[in-house]
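Colleague: Quick one: the structure is below, questions incoming.
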Amino acid sequence: MIDFLSKLNDSQKEAVIHTEGPCLVIAGAGAGKTRVLTYRIAYLLSQGIRANKILALTFTNKAANEMKERIANLVGFENAKNLWMGTFHSIFSLILRREADKIGYNSNYSIYDTIDSRNLIKKIIKDLTLDDKIYKTNEIHARISWAKNNLITPQAYLANVSFQKRDLAKQIERFGEIYKIYCLRCFKSGAMDFDDLLLYTNILFRDFPEILEKYQNHFSYILVDEYQDTNYAQYLIIKKLAQQHKNICVVGDDAQSIYSFRGANIENILNFKNDYPEYKLFKLEQNYRSTQNIVNAANSLITKNAKQIQKNIFSKNETGNKIKIIKALTDNEEGFLVGNTIFELHQREHYRYKDFAILYRTNAQSRIFEEALRKKNIPYKVYGGISFYQRKEIKDLLAYFRVTVNPKDDEALTRIINYPARGIGESTVEKIENIANYHNVSIWDIITDIKKYVINIQDRIILKINNFVELIKSFISDSEQLDAFDMAFKITSLSGINKELQEDKSHEGISRYENIEELLNGIKEFSLNYLEENGKKPFLSNFIESVALITDMDNEKNKEDDKISIMTIHSAKGLEFKNVFITGIEEELFPSYLSVTNPKDLEEERRLFYVAITRSEKNVFLSFAESRYRWGKLTNCSPSRFLKEIDSKYIENPELLYDVKPAFFSNNFESPKNVQNNFKLNKPLFNNEKIVKKQFNNLDSSNNLQNFVPDDPEKIVAGMQVEHNRFGKGEVLRIEGTDDNRKALINFQNLGQKQLLLKYAKLRILK
DNA sequence: AATCCACTTGTTTTT
DNA sequence: CAAGTGGATT
Numbered sequence: 002m003i004d005f006l007s008k009l010n011d012s013q014k015e016a017v018i019h020t021e022g023p024c025l026v027i028a029g030a031g032a033g034k035t036r037v038l039t040y041r042i043a044y045l046l047s048q049g050i051r052a053n054k055i056l057a058l059t060f061t062n063k064a065a066n067e068m069k070e071r072i073a074n075l076v077g078f079e080n081a082k083n084l085w086m087g088t089f090h091s092i093f094s095l096i097l098r099r100e101a102d103k104i105g106y107n108s109n110y111s112i113y114d115t116i117d118s119r120n121l122i123k124k125i126i127k128d129l130t131l132d133d134k135i136y137k138t139n140e141i142h143a144r145i146s147w148a149k150n151n152l153i154t155p156q157a158y159l160a161n162v163s164f165q166k167r168d169l170a171k172q173i174e175r176f177g178e179i180y181k182i183y184c185l186r187c188f189k190s191g192a193m194d195f196d197d198l199l200l201y202t203n204i205l206f207r208d209f210p211e212i213l214e215k216y217q218n219h220f221s222y223i224l225v226d227e228y229q230d231t232n233y234a235q236y237l238i239i240k241k242l243a244q245q246h247k248n249i250c251v252v253g254d255d256a257q258s259i260y261s262f263r264g265a266n267i268e269n270i271l272n273f274k275n276d277y278p279e280y281k282l283f284k285l286e287q288n289y290r291s292t293q294n295i296v297n298a299a300n301s302l303i304t305k306n307a308k309q310i311q312k313n314i315f316s317k318n319e320t321g322n323k324i325k326i327i328k329a330l331t332d333n334e335e336g337f338l339v340g341n342t343i344f345e346l347h348q349r350e351h352y353r354y355k356d357f358a359i360l361y362r363t364n365a366q367s368r369i370f371e372e373a374l375r376k377k378n379i380p381y382k383v384y385g386g387i388s389f390y391q392r393k394e395i396k397d398l399l400a401y402f403r404v405t406v407n408p409k410d411d412e413a414l415t416r417i418i419n420y421p422a423r424g425i426g427e428s429t430v431e432k433i434e435n436i437a438n439y440h441n442v443s444i445w446d447i448i449t450d451i452k453k454y455v456i457n458i459q460d461r462i463i464l465k466i467n468n469f470v471e472l473i474k475s476f477i478s479d480s481e482q483l484d485a486f487d488m489a490f491k492i493t494s495l496s497g498i499n500k501e502l503q504e505d506k507s508h509e510g511i512s513r514y515e516n517i518e519e520l521l522n523g524i525k526e527f528s529l530n531y532l533e534e535n536g537k538k539p540f541l542s543n544f545i546e547s548v549a550l551i552t553d554m555d556n557e558k559n560k561e562d563d564k565i566s567i568m569t570i571h572s573a574k575g576l577e578f579k580n581v582f583i584t585g586i587e588e589e590l591f592p593s594y595l596s597v598t599n600p601k602d603l604e605e606e607r608r609l610f611y612v613a614i615t616r617s618e619k620n621v622f623l624s625f626a627e628s629r630y631r632w633g634k635l636t637n638c639s640p641s642r643f644l645k646e647i648d649s650k651y652i653e654n655p656e657l658l659y660d661v662k663p664a665f666f667s668n669n670f671e672s673p674k675n676v677q678n679n680f681k682l683n684k685p686l687f688n689n690e691k692i693v694k695k696q697f698n699n700l701d702s703s704n705n706l707q708n709f710v711p712d713d714p715e716k717i718v719a720g721m722q723v724e725h726n727r728f729g730k731g732e733v734l735r736i737e738g739t740d741d742n743r744k745a746l747i748n749f750q751n752l753g754q755k756q757l758l759l760k761y762a763k764l765r766i767l768k
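In case it helps, the numbering used here puts the first sequence at residues 2 to 768.
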């Protein structure tokens, strides 16, 4: 027996050494899931299995890197680096690059991120002259994503009567068509979106049995982390790959399934026994992370969910402190109180700052805590939110890289064809796009041979386009020689981006410039690492491939930084902290207002809360505010139902949840059903805010623009004296058009005659 | 063509 | 409140 097995308990050890055949490990929070996976891999290696025969799939790069590091510590880096370990997306994008030609792609295909996908969808909706009020980009994108995750191709979608019926009922009967065009446009651009990586892997394995067989034979051992979060596309890939050796080990916890919005299917874990009747089940029920109080509190919450695998999670750690509720009057006060509590614990009990996490349901909540901590000079780091790679200036530069690697990439190309400005305007680009779509080729195909197509573009603009083409061509040929960093540096300067940003001396401009510098530093670092790991210099394409699937969560580890972590609960999954603050635990926020109507969604929110609580080792603080700014308006909030679902014997101050206000504070007169949070109650007593404002206006007739209140445009007729908030006073000479097109010709005292569209003009009648 | 401004709109969670 | 849109202005 190898010595490192001594660090496992009996059930962990069993799960580690049972290497042959399918096995399912159900592991409660903090029960050592990752530990089992790492030791299992280390054990396999120690049994003489070659590293590259092992496939280990995780959900985040972070989890993958962490595991790699831990395994390297056990068996050495040289051995560990040959493991096939990574996220589903990164592993299968690698395989797809190898096999790209089989499915009609090039191995240098681009990966569209969410922004690219949505931009493309917007264009398609516009091209089909559909109403973007009905065909909402985000909804269409979500539906396409759903279809792909369930392996429904456009053809299958269009052929399915019930889908057609559904779309008709939702008044988006042309969705199937959009979906089809979307796929075609991605294809002609040599691009895949995130979901395509899984869909095309499935297509590859379905249509090319010999390829499937190759990988089936290759991967003798398959391990999957967070199995409860797999969707159908992922499930099927694993199932097919495991068919040959059946050495598949999946690890998961149904109580921590929080990604169903991304198509994750909790049934996958429940159905494991059907796919592999001979499977072996291991349950890891002892929580090593948290105090008994925390584990018990979390258990008391999760029993409110109907559907779950029976298990008994327990802790043998100290009983620990009870959970503390923090009640705040406003969201600002919540930030202040959380900051104070952290400061005190830091002073009194000498916790390091990195021992703290502030968690919330939505990214929008981060700002308050940032401000509160900044005021107190407490170091923090916000994770997630707007990713570094999604910033405009970064996306722009990356677009140059992408076009250099794959010039057919239309989304990248349209981003940069006129950035920095080089006189190729919107209408020109639109013309070219239309031609490209008409011929079903990429924009690059058009502009490299523009004379072949009949487009009415002036010669002087064609000259500019040709200059752009030459620029990109020079990048392409240079990129065959230069390494990633030199190439990136060259592009930054020759594209004009460097100059453009250097000239901008505004606050944002300087920060943009710094971001570009940071990206270049990142490429330098990447190049060094690549050289070290692979023994050869990386090209720009290598960098682009790696960057597409990386989020900034993965990049910056908090290693030695002594900072508080601020992040969503979703991104906190898999992490642990000594002290955890779960904030904004209010009805409509957590659980989200979008999930309260659907019992399934509500259960997922509850699991999310469960995940949040079980991140903590020592202390849990639950905070809520009684009012908070949402959508720019101050709204009343009430404590979340989840707070009351935790058995109060684990809470130090449960009375705060039931604190009743004096009767005369309640504004509950008419609708007892919706006492709390009914938005209607927050509206002014007068139906029309304008009436109220106008009264103020009339009190002070001095020309205060702040209080400018326009009159109903329909009342305006020729001959009136009117006032415009910018143009000043004038006389209406005549009215033309009807409804939305109603225009007024007005002679302004200072500016002379102007034609204004009444719908927008905002005029006040003087007499 | 580019910038500016007023207005609308919409917010869960992420690979 | 923010980011994004679409119209008007220079």
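Quick reminder that beta carbons are idealized off the backbone N, C-alpha and C, glycines included.
Name the two residues that bound the continuous beta strand (DSSP E) containing ALA192.
Modeller: Position 191 of the first sequence, counted from the start, is the residue given in the question as residue 192. Here the beta strand (DSSP E) through ALA192 covers 192–194.
Colleague: Quick check on this structure: which residue in GLY22, THR449, ILE425 and SER111 has the alpha carbon closest to the alpha carbon of ASP197?
Modeller: Working through the first sequence from its first residue, we reach residue 197 at position 196. Considering only alpha carbons, the answer is SER111.
Colleague: In whole angstroms, give me the CA-to-CA distance for GLN245 and LYS215.
Modeller: On the first sequence, residue 245 is found 244 positions in, with the first residue counted as 1. On the first sequence, residue 215 is found 214 positions in, with the first residue counted as 1. C-alpha separation (whole angstroms): 10 Å.
Colleague: Closer than 7 Å by C-beta to ASN203: which residues in its own chain qualify, once you throw out the five before and the five after it? Chain order, please.
Modeller: Here residue 203 is taken as the residue at index 202 of the first sequence, counted from 1. The answer, listed in chain order, is LEU152, ALA234, LEU237 and ILE238.
Colleague: Got a sec? Which residues, its chain only, sit under 7 Å from VAL442 by beta carbon, not counting five neighbours each side?
Modeller: The residue you call residue 442 lines up with position 441 of the first sequence. Hits under 7 Å: LYS189.
Colleague: Is it the case that the CB of GLU431 approaches a heavy atom of the ligand ATP more closely than 7 Å?
Modeller: For the ligand ATP, the structure offers nothing, since it holds no ligand at all.
Colleague: For THR636, report the span of its beta strand (DSSP E) as first-last.
Modeller: To locate residue 636, count along the first sequence from 1; it is residue 635. 634–637 is the span of the beta strand (DSSP E), which, as asked, contains THR636.
Colleague: Out of SER478, GLN13, ASN599 and TYR136, point me to the one whose CA is closest to LEU282's CA.
Modeller: The count along the first sequence starts at 1 and reaches residue 282 at position 281. For the residues SER478, GLN13, ASN599 and TYR136, the minimum Cα distance to LEU282 belongs to GLN13.
Colleague: For LEU6, I'd like the list of residues in its chain whose CB is within less than 8 Å of its CB, leaving aside the five on either flank, ordered along the chain.
Modeller: The sequence position of residue 6 within the first sequence is 5, counting from 1. Only LYS14, VAL17, ILE18, TYR40 and TYR44 meet the Cβ criterion.
Colleague: Pull up the distance between the alpha-carbon of ILE586 and that of SER624, whole angstroms please.
Modeller: As a first step, residue 586 must be located in the first sequence, where it is residue number 585. As a first step, residue 624 must be located in the first sequence, where it is residue number 623. Each residue's alpha carbon lies about 6 Å from the other.
Colleague: Which word fits LEU686, buried or exposed, when buried means at least 16 other C-beta atoms lie within 10 angstroms of its C-beta?
Modeller: In the first sequence, the residue the question calls residue 686 occupies position 685. With a pLDDT of 24 at LEU686, under the threshold of 50, the predicted position of this residue should be treated as unreliable, though the coordinate-derived value follows. Counting Cβ neighbours within 10 Å, LEU686 comes out exposed, since fewer than 16 surround it.
Colleague: Here's the rule: buried if 16 or more other CB atoms are within 10 angstroms of the residue's CB, otherwise exposed. What is LEU609?
Modeller: By one-based count along the first sequence, residue 609 stands at place 608. Buried, by the Cβ-count rule.
Colleague: Take TYR228 as the anchor and find which of VAL251, ARG207 and SER221 has the nearest alpha-carbon.
Modeller: Locating residue 228 in the first sequence gives position 227, where the first residue counts as 1. For the residues VAL251, ARG207 and SER221, the minimum Cα distance to TYR228 belongs to VAL251.
Colleague: How is ASN318 classed by DSSP in three states: helix, strand or coil?
Modeller: Position 317 of the first sequence holds residue 318. The answer is coil: DSSP assigns ASN318 none of H, G, I, E or B.
Colleague: Which value, in whole angstroms, describes the spacing of the CA atoms of ILE295 and ILE583?
Modeller: Here residue 295 refers to the residue found at position 294 of the first sequence. Here residue 583 refers to the residue found at position 582 of the first sequence. Computed Cα separation, rounded: 13 Å.
Colleague: ILE27 lies in the beta strand (DSSP E); which residues open and close that run?
Modeller: By 1-based counting over the first sequence, the position of residue 27 is 26. Per DSSP, ILE27 belongs to the beta strand (DSSP E) from 24–28.
Colleague: For SER617, does the three-state DSSP call read helix, strand or coil?
Modeller: Here the question's residue 617 lines up with position 616 in the first sequence. SER617: strand per DSSP, three-state reduction.
Colleague: Rounded to a whole number of angstroms, what is the C-alpha to C-alpha distance between VAL710 and LEU767?
Modeller: Along the first sequence, read from residue 1 onward, the residue named residue 710 stands at position 709. Along the first sequence, read from residue 1 onward, the residue named residue 767 stands at position 766. Because the pLDDT at VAL710 is just 49, under 50, the model does not fix this residue reliably, and the value given afterwards should be weighed accordingly. Looking at the two C-alpha atoms, the distance is approximately 12 Å.
Colleague: Is PHE622 closer than 8 Å to THR302 when the C-beta atoms are compared?
Modeller: Position 301 of the first sequence, counting from 1, holds the residue named residue 302. Position 621 of the first sequence, counting from 1, holds the residue named residue 622. The amino acid at residue 302 is misidentified as Thr; the sequence shows Leu. In this structure, PHE622 does not lie closer than 8 Å to LEU302 by Cβ.
Colleague: By how many angstroms is the C-alpha of TYR222 removed from the C-alpha of GLU211?
Modeller: By one-based count along the first sequence, residue 211 stands at place 210. By one-based count along the first sequence, residue 222 stands at place 221. Computed Cα separation, rounded: 19 Å.
Colleague: Which class does LYS14 belong to by DSSP, given the choice of helix, strand or coil?
Modeller: Counted from its first residue, the first sequence places residue 14 at position 13. DSSP places LYS14 in helix when its eight states are reduced to three.
Colleague: Can you give me the C-alpha to C-alpha distance between LYS308 and PRO23, rounded to a whole angstrom?
Modeller: What you label residue 308 is simply residue 307 of the first sequence in a count that begins at 1. What you label residue 23 is simply residue 22 of the first sequence in a count that begins at 1. One alpha carbon belongs to LYS308, the other to PRO23, and they sit about 24 Å apart.
Colleague: Spatial neighbours of LEU200 within its chain, please: CB distance less than 7 Å, with the 5 preceding and 5 following residues excluded, ordered by chain position.
Modeller: Against the first sequence, residue 200 aligns to sequence position 199. The answer, listed in chain order, is LYS149, LEU152 and ALA234.
Colleague: Please return the same chain residues whose Cβ sits closer than 8 Å to the Cβ of ILE125, not counting the five positions on each side in sequence.
Modeller: Numbered from 1 along the first sequence, position 124 holds the residue referred to as residue 125. So the qualifying residues of the chain are ILE179, ILE182, TYR183 and ARG186.
Colleague: Is it a yes or a no for the region 403–414 touching the region 475–482, going by three-plus beta-carbon pairs under 8 Å?
Modeller: yes
Colleague: Could you tell me the alpha carbon to alpha carbon distance between GLU690 and ALA365, rounded to whole angstroms?
Modeller: Looking up residue 690 in the first sequence gives position 689. Looking up residue 365 in the first sequence gives position 364. With a pLDDT of only 27 at GLU690, under 50, the local geometry of the prediction cannot be trusted, and the value read off the model is given with reservation. So the two alpha carbons sit approximately 28 Å from each other.
Colleague: In terms of alpha-carbon separation, which member of PHE220, GLN482, GLU577 and LEU550 lies closest to LYS538?
Modeller: Position 537 of the first sequence, counting from 1, holds the residue named residue 538. Residue GLN482 is the option with its Cα nearest to LYS538.
Colleague: Where does ARG353 land, buried or exposed, given buried means 16+ other C-beta within 10 angstroms?
Modeller: As a first step, residue 353 must be located in the first sequence, where it is residue number 352. So ARG353 ends up on the exposed side.
Colleague: CB PHE591 to CB ARG362, shorter than 8 Å?
Modeller: Counting from one through the first sequence, the residue named residue 591 turns up at place 590. Counting from one through the first sequence, the residue named residue 362 turns up at place 361. When the beta-carbon positions are compared, PHE591 and ARG362 come within less than 8 Å of each other.
Colleague: What is the DSSP secondary structure of VAL455, reduced to helix, strand or coil?
Modeller: For the purposes of this step, residue 455 is taken as residue 454 along the first sequence, with counting starting at 1. Coil at VAL455, not helix or strand.
Colleague: Might you give, ordered along the chain, the residues of its own chain that have their beta carbon closer than 7 Å to the beta carbon of SER702, omitting 5 neighbours on each side?
Modeller: As a first step, residue 702 is located in the first sequence; it is residue number 701 there, counting from the start. Reliability fails at SER702, whose pLDDT of 28 lies under 50, so the model's placement of it is uncertain and the value that follows must be treated cautiously. Excluding residues within five positions, none has a Cβ falling inside 7 Å.
Colleague: Run through DSSP, which three-state label would ARG353 get?
Modeller: Numbered from 1 along the first sequence, position 352 holds the residue referred to as residue 353. It is coil, neither helix nor strand.
Colleague: Could you tell me which of ASN468, GLU605, PRO655 and GLY29 sits nearest to ILE259, measuring between CA atoms?
Modeller: One-based indexing of the first sequence puts residue 259 at position 258. The shortest Cα separation from ILE259 among ASN468, GLU605, PRO655 and GLY29 belongs to GLU605.
Colleague: Which stretch, first to last residue, makes up the alpha helix (DSSP H) that contains PHE643?
Modeller: Sequence index remark: in the first sequence, residue 643 carries index 642 (1-based). That run of the alpha helix (DSSP H) goes 642–646.
Colleague: Give me the residue from LYS166, GLY177 and LYS382 with the minimum Cα distance to ALA157.
Modeller: The count along the first sequence starts at 1 and reaches residue 157 at position 156. Among LYS166, GLY177 and LYS382, the Cα nearest to that of ALA157 belongs to GLY177.
Colleague: From the DSSP secondary-structure annotation, give me the bridge partner or partners of TRP85.
Modeller: Start at 1 with the first residue of the first sequence, and residue 85 comes out as number 84. Bridge partners of TRP85: LEU56.
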